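Q: The structure follows.
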Amino acid sequence: MNTGLVTFYHIHHYGAALQAAATERAVESLGHTCEIIDYFVNQDNALFRRPTGLGSTAADVHTALHYQALRSRYERFEQFSQEHLRISSHRFGSFAELRDAALPYDVILSGSDQIWNPQIFPDGRFDPVFFGAFSDRRHIAYAPSFGIPHIPTDMEEELRGYLARFSHLSVRERQGQKIVAGITGQDVPVVLDPTLLLSAQQWAAAASDHLFTTRGTFGLQLPVPVPNGYILCYCINKPGALEPYLQEFARRSAMPIVQLCGIRQKVHPKARCVLDAGPAEFLELFQNAAFVFTNSFHGTVFAAQFHVPFFTAVSPAELTDPESSRTFSLLSRLGLADRIVGQGNTADLEAPVDWKQAEVRLSEARAASLDYLRAALEGTPYIQKTAEIAPDAPPRLADHGHCTGCTACASGCPADAISMKRDREGFSYPAIDLDRCIRCGHCTAICPLLREREPSPLPAAFAAWNRNDLVRKDSTSGGVFTTLAEYILESGGVVYGAAMDSRQHLRHIACFCKEDLWRLRGAKYAQSDLGKTFREIREALKKRPVLFSGTPCQVDGLYRFLGGKPENLTTCDLVCHGVPSPGVWEAMVHSIESRKGKHLQTVRFRNKVTGWKDSHFTLVYDDGTVDSAPLFATEFGRAFGRALFLRPCCHQCAYTNLNRPGDFTLGDFWGLRPDELAEQQTQGISLLLVNTARGSYLFDQLKLDRQAFPIERAVAGNPRLAFPLAPPPDRAAFFAAYAVEPFDQVRKRYCSVPPLPVRLAGRVLSPEVKAKIRQKLQ
Numbered sequence: 023m024n025t026g027l028v029t030f031y032h033i034h035h036y037g038a039a040l041q042a043a044a045t046e047r048a049v050e051s052l053g054h055t056c057e058i059i060d061y062f063v064n065q066d067n068a069l070f071r072r073p074t075g076l077g078s079t080a081a082d083v084h085t086a087l088h089y090q091a092l093r094s095r096y097e098r099f100e101q102f103s104q105e106h107l108r109i110s111s112h113r114f115g116s117f118a119e120l121r122d123a124a125l126p127y128d129v130i131l132s133g134s135d136q137i138w139n140p141q142i143f144p145d146g147r148f149d150p151v152f153f154g155a156f157s158d159r160r161h162i163a164y165a166p167s168f169g170i171p172h173i174p175t176d177m178e179e180e181l182r183g184y185l186a187r188f189s190h191l192s193v194r195e196r197q198g199q200k201i202v203a204g205i206t207g208q209d210v211p212v213v214l215d216p217t218l219l220l221s222a223q224q225w226a227a228a229a230s231d232h233l234f235t236t237r238g239t240f241g242l243q244l245p246v247p248v249p250n251g252y253i254l255c256y257c258i259n260k261p262g263a264l265e266p267y268l269q270e271f272a273r274r275s276a277m278p279i280v281q282l283c284g285i286r287q288k289v290h291p292k293a294r295c296v297l298d299a300g301p302a303e304f305l306e307l308f309q310n311a312a313f314v315f316t317n318s319f320h321g322t323v324f325a326a327q328f329h330v331p332f333f334t335a336v337s338p339a340e341l342t343d344p345e346s347s348r349t350f351s352l353l354s355r356l357g358l359a360d361r362i363v364g365q366g367n368t369a370d371l372e373a374p375v376d377w378k379q380a381e382v383r384l385s386e387a388r389a390a391s392l393d394y395l396r397a398a399l400e401g402t403p404y405i406q407k408t409a410e411i412a413p414d415a416p417p418r419l420a421d422h423g424h425c426t427g428c429t430a431c432a433s434g435c436p437a438d439a440i441s442m443k444r445d446r447e448g449f450s451y452p453a454i455d456l457d458r459c460i461r462c463g464h465c466t467a468i469c470p471l472l473r474e475r476e477p478s479p480l481p482a483a484f485a486a487w488n489r490n491d492l493v494r495k496d497s498t499s500g501g502v503f504t505t506l507a508e509y510i511l512e513s514g515g516v517v518y519g520a521a522m523d524s525r526q527h528l529r530h531i532a533c534f535c536k537e538d539l540w541r542l543r544g545a546k547y548a549q550s551d552l553g554k555t556f557r558e559i560r561e562a563l564k565k566r567p568v569l570f571s572g573t574p575c576q577v578d579g580l581y582r583f584l585g586g587k588p589e590n591l592t593t594c595d596l597v598c599h600g601v602p603s604p605g606v607w608e609a610m611v612h613s614i615e616s617r618k619g620k621h622l623q624t625v626r627f628r629n630k631v632t633g634w635k636d637s638h639f640t641l642v643y644d645d646g647t648v649d650s651a652p653l654f655a656t657e658f659g660r661a662f663g664r665a666l667f668l669r670p671c672c673h674q675c676a677y678t679n680l681n682r683p684g685d686f687t688l689g690d691f692w693g694l695r696p697d698e699l700a701e702q703q704t705q706g707i708s709l710l711l712v713n714t715a716r717g718s719y720l721f722d723q724l725k726l727d728r729q730a731f732p733i734e735r736a737v738a739g740n741p742r743l744a745f746p747l748a749p750p751p752d753r754a755a756f757f758a759a760y761a762v763e764p765f766d767q768v769r770k771r772y773c774s775v776p777p778l779p780v781r782l783a784g785r786v787l788s789p790e791v792k793a794k795i796r797q798k799l800q
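This is the structure in structure tokens:
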């Protein structure tokens, strides 16, 4: 079978050159010929850039200073292309030229890289060449990527037409699998990147062999041989979350650092930069490294191929949505997802890599991918093998990125086989004791994230406030929670809510009398420890009414644990900004106490000492002294406000909508005009949503001052009723540093209030100007 391959190959990127070579070798290993169709599309390898501004000028200055090395790199790429790529003798410049040509191919293979990403091309549209639309021969695809989470609506029909021509379709990432399923209805296989179809031995044969033969090759000035190896750093953009791990590992190991320059800025002050490596030298650098730090997908691939311990980083968007990430797709498949930094389950800095297990998984995935490619080339049906679930496999729970830590599974386990354990970000997650687990499936059945919630009617929205001015002053907003809690207590009930203990650890407690309700009043910006609260509530409901107040995910978790909605249970969920890490909060408390030399007695996250709209972060110490400042002028408040240390699931929260789980929803009624309830705004006004029939009945019994508003006004003032917060760009870097560095060092770097000139500029400059400045700084 004579195969014509359309792919990215000409651009001088290591991944592009190596995946193109690998695809050809893989096709040839199956008994077919393969030739890259030489189609040139917006791929510029010129050493000097066309002038577009300061950025291109700075790059050209750098190129001039290192011209000899960069010229050698250019030549080595060209040499690799001549030696390892079989390319058509004619270069095609357009779709029309390809369509009119007499091509000698039996099948057209659309193969790997982001060839189906419309945003790559100058007009922002699909390039039909990469769908083989120029030929009426049979079309097959191996591991193409869309590179975007969704296809623009106006391109869906065009894509449907292109894909209909393929006899065999596959993709490189799960997100691509979803896109194809949505467009065509087909469940297509996710196959390995072509670079993984070849073995480490095959890649070693393609590597250069002169790197360490003479002292000073590439200007490294390394001993020959390097006594304990070297750390290889390969970053294609700023190291971000990798930096703390790299710094700490370099300090502990004392190994030299070699930086293969994807970006030209040094990632470590002691890094020895390689600017002149071609693809063959790239392979040798990875093959001989003792440890790798990278944020490149193909850097990750070759560290895994050569069994070199590594850590890798992905973008904030990929951390939030792992299914869109090729790095997550690969490492999850190999059982190495804990090598991704900036997440709670990242491996310890010196944890060994289980290469034996990874190689078994890679061999299985390689065999399956080659089976698909063989079937595609031969035109025979390919049947995906369904993974069998072993009888002793652990039960399925929400994945790490979606788990809310609601404790429903741990509380509901009949064998007490699930406990809540903190991860490296300081959040609690369920840990299953497989020796105690009886595989009953109850935890899976009650996990809120594994079940669709039934839609509910739109809630009624009210501005409301407590009639007792002292209670209202002691509350964060309008004091409505206290009115509701007192009603339940007067009915002989018990109230469960979050309270700080003497160590400033936030946990849910039970209150049986009005005198204790002060402990539950006020916002607390950390995720509360539920402990055995759900089980306590189940027992309490047998005897009395219960009010439970918590985040929406905690309320939903309670209902799932109970298996329904008991008549004597009232629930109140909160308009939630997202839950900060309890570990980070406790580290902040320890830092404050260490710096002050005294213990904290009370913390008020939003104290209305100067009014509702200027809440203060107030700290009361055991010697009676007080520190108080506007919340967002403090280190903790500033970091909280920009969502620096929220739980991962908060950035894709399933409860940021009007389908509320609680009977009531409470928050601040932000967005009121100055002339609306003007006399009440200084003291604080609660947003109260009445969500259920039970809530409506109780609402009529409460002694509250209130005013109805359209639900749209509630959403306008509280965006978390409509959508979650996106993670800040430095979230992963913060938690990577938190995992390996002293907390005070982390706090100063990420939480400190900016200098006065920066704060003034932040107030004066428009969002557009700020965005341009950030872009230039990157």
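Count the sequence shown with this note's numbering and you get residues 23 to 800, in order.
The C-beta atom is built at its ideal place from N, Cα and C for all residues, glycine as well.
This one's a predicted model, so the numbers in the text were calculated from it and none came from an experiment.
(1) Using 8 angstroms for Cβ pairs, my map puts residue 270 next to residue 762. What's the rounded Cβ distance?
(2) Considering only their Cβ atoms, is the gap separating residue 392 from residue 91 smaller than 8 angstroms?
(3) Excluding the 5 residues preceding and the 5 following residue 579 in the sequence, name in chain order all residues of the same chain whose CB lies nearer than 6 angstroms to its CB.
(4) In or out: residue 851 buried (at least 16 other Cβ within 10 Å) or exposed?
(5) Check this for me: beta carbons of residue 439 and residue 472, under 8 angstroms apart or not?
(6) For residue 754, count neighbouring C-beta atoms within 10 Å of its own C-beta (all shown protein chains included) and say buried if the count is 16 or more, exposed if not.
(7) Any idea which residues DSSP pairs residue 295 with across the strands?
(8) Label residue 237 either buried or exposed according to how many other C-beta atoms from any shown protein chain fall within 10 Å of its C-beta, with 16 as the threshold for buried.
(9) What residue range does the beta strand (DSSP E) around residue 254 cover?
(10) Does residue 685 pass the burial test, meaning 16 or more other C-beta atoms within 10 Å, or should it be called exposed?
(11) Quick one: what's residue 729 bridged to in DSSP?
(12) CA-CA distance, residue 266 and residue 189?
(13) CB residue 380 to CB residue 305, shorter than 8 angstroms?
(14) If we ignore side chains and look at the alpha-carbon of each, how far apart do residue 536 and residue 508 end up?
(15) Are the region 699–711 and the region 477–493 touching by the rule of at least three beta carbon pairs closer than 8 angstroms?
(16) Label residue 526 either buried or exposed according to how many other C-beta atoms from any shown protein chain fall within 10 Å of its C-beta, with 16 as the threshold for buried.
(17) What ranges does the alpha helix (DSSP H) occupy inside the region 582–619, keeping only unbroken runs of at least 4 residues that lie completely in it?
(18) Quick one: any contact between the region 728–746 and the region 622–629, if contact means 3 or more CB pairs under 8 angstroms?
(19) Does DSSP classify residue 673 as helix, strand or coil?
(20) Relative to the C-alpha of residue 544, which candidate in 640, 575, 282, 449 has its C-alpha closest?
(21) Residue 325: buried (16+ other C-beta within 10 angstroms of its C-beta) or exposed?
(22) Could you name the residues of the same chain whose beta carbon sits closer than 7 angstroms to that of residue 181, not counting the 5 residues immediately before and after it, in chain order?
(23) From which residue to which residue does the beta strand (DSSP E) around residue 405 run?
(24) Under three-state DSSP, which class holds residue 720?
(25) Please determine if the region 353–370 and the region 322–342 are in contact, where contact requires at least 3 C-beta pairs separated by less than 8 angstroms.
(26) Kindly list the residues whose CB is nearer than 7 angstroms to the CB of residue 848, restricted to its own chain and excluding five residues on each side of it in sequence; keep chain order.
(27) Is it true that the region 715–729 meets the region 598–605, where meeting means three or more beta-carbon pairs spaced less than 8 angstroms apart?
(28) In chain order, what residues of the same chain have a beta carbon less than 8 angstroms from the beta carbon of residue 752, not counting five sequence neighbours either side?
(29) Drop a sphere of 10 angstroms on the beta-carbon of residue 521, count the other beta-carbons inside from all chains shown, and report buried for 16 or more, exposed for fewer.
(30) Our contact map puts residue 107 next to residue 25 with C-beta atoms below 8 angstroms; I'd like the distance itself, whole angstroms only.
(31) Would you say the region 671–689 touches the region 643–651, given that touching needs at least three Cβ pairs under 8 angstroms?
(32) Counting Cβ pairs, one atom from each stretch, are 3 or more of them under 8 angstroms apart for the region 43–61 and the region 212–230?
(33) For residue 166, report the span of its beta strand (DSSP E) as first-last.
(34) Do you know how far the Cα of residue 198 is from the Cα of residue 405?
(35) If we count the other Cβ atoms within 10 Å of its Cβ and call it buried at 16 or more, is residue 62 buried or exposed?
(36) To the nearest angstrom, how far is it from the Cα of residue 154 to the Cα of residue 28?
A: Reading it off the structure:
(1) A Cβ-Cβ distance of about 5 angstroms is found for the pair residue 270 and residue 762, placing them in contact under the 8 angstroms criterion.
(2) In this structure, residue 392 does not lie closer than 8 angstroms to residue 91 by Cβ.
(3) Hits under 6 angstroms: 428, 430, 470.
(4) Nothing can be reported for residue 851: it is not among the residues displayed for the chain, which extend from 23 to 800.
(5) Remark: C-beta atoms of residue 439 and residue 472 do not approach each other more closely than 8 angstroms.
(6) It counts as buried.
(7) Answer is 281.
(8) Confidence at residue 237 is low in this model, with a pLDDT of 40, below 50, so its placement is unreliable and no value can be given for it.
(9) Residue 254 -> beta strand (DSSP E) spans 253–257.
(10) Answer is buried; the Cβ neighbour count reaches 16.
(11) 485.
(12) Roughly 47 angstroms separates the two Cα atoms.
(13) Against a cut-off of 8 angstroms, the Cβ pair of residue 305 and residue 380 comes out as no contact.
(14) Roughly 6 angstroms separates the two Cα atoms.
(15) Three or more Cβ pairs closer than 8 angstroms define a contact, and the region 699–711 meets that threshold against the region 477–493.
(16) Around the beta carbon of residue 526, 16 or more other beta carbons lie within 10 angstroms, which makes this residue buried.
(17) As far as the region 582–619 is concerned, its whole alpha helix (DSSP H) runs of at least 4 residues are 604–618.
(18) A contact between stretches requires three or more CB pairs, one per stretch, nearer than 8 angstroms, and the region 728–746 fails this requirement with the region 622–629.
(19) If DSSP states are grouped into helix, strand and coil, residue 673 belongs with the helices.
(20) Checked all of 640, 575, 282, 449; the closest Cα to residue 544 is 640.
(21) Burial call: buried.
(22) Closer than 7 angstroms at Cβ, skipping near neighbours: 148, 173, 205.
(23) Run containing residue 405: none; DSSP gives neither H nor E here.
(24) In the structure shown, residue 720 sits in a helix (DSSP, three-state: H, G or I).
(25) Flag = yes, the region 353–370 and the region 322–342 touch.
(26) Because residue 848 is not part of the residues shown, which for the chain are 23 to 800, the question remains open.
(27) Between the region 715–729 and the region 598–605 there are fewer than three C-beta pairs closer than 8 angstroms, too few to call the two in contact.
(28) Cβ neighbours of residue 752 beyond the five flanking positions: 262, 666, 772.
(29) Taking all protein chains in view, the Cβ of residue 521 is crowded by 16 or more other Cβ atoms within 10 Å, so the residue is classified as buried.
(30) No, residue 107 and residue 25 are not in contact; Cβ-Cβ is about 14 angstroms, not under 8 angstroms.
(31) Under the three-pair Cβ rule at 8 angstroms, the region 671–689 does not count as touching the region 643–651.
(32) Counting Cβ pairs under 8 angstroms, three or more are found: they touch.
(33) 160–166 is the span of the beta strand (DSSP E), which, as asked, contains residue 166.
(34) Straight-line Cα distance between these residues: approximately 19 angstroms.
(35) Classification for residue 62: exposed.
(36) Taking the straight line joining both Cα atoms gives about 7 angstroms.
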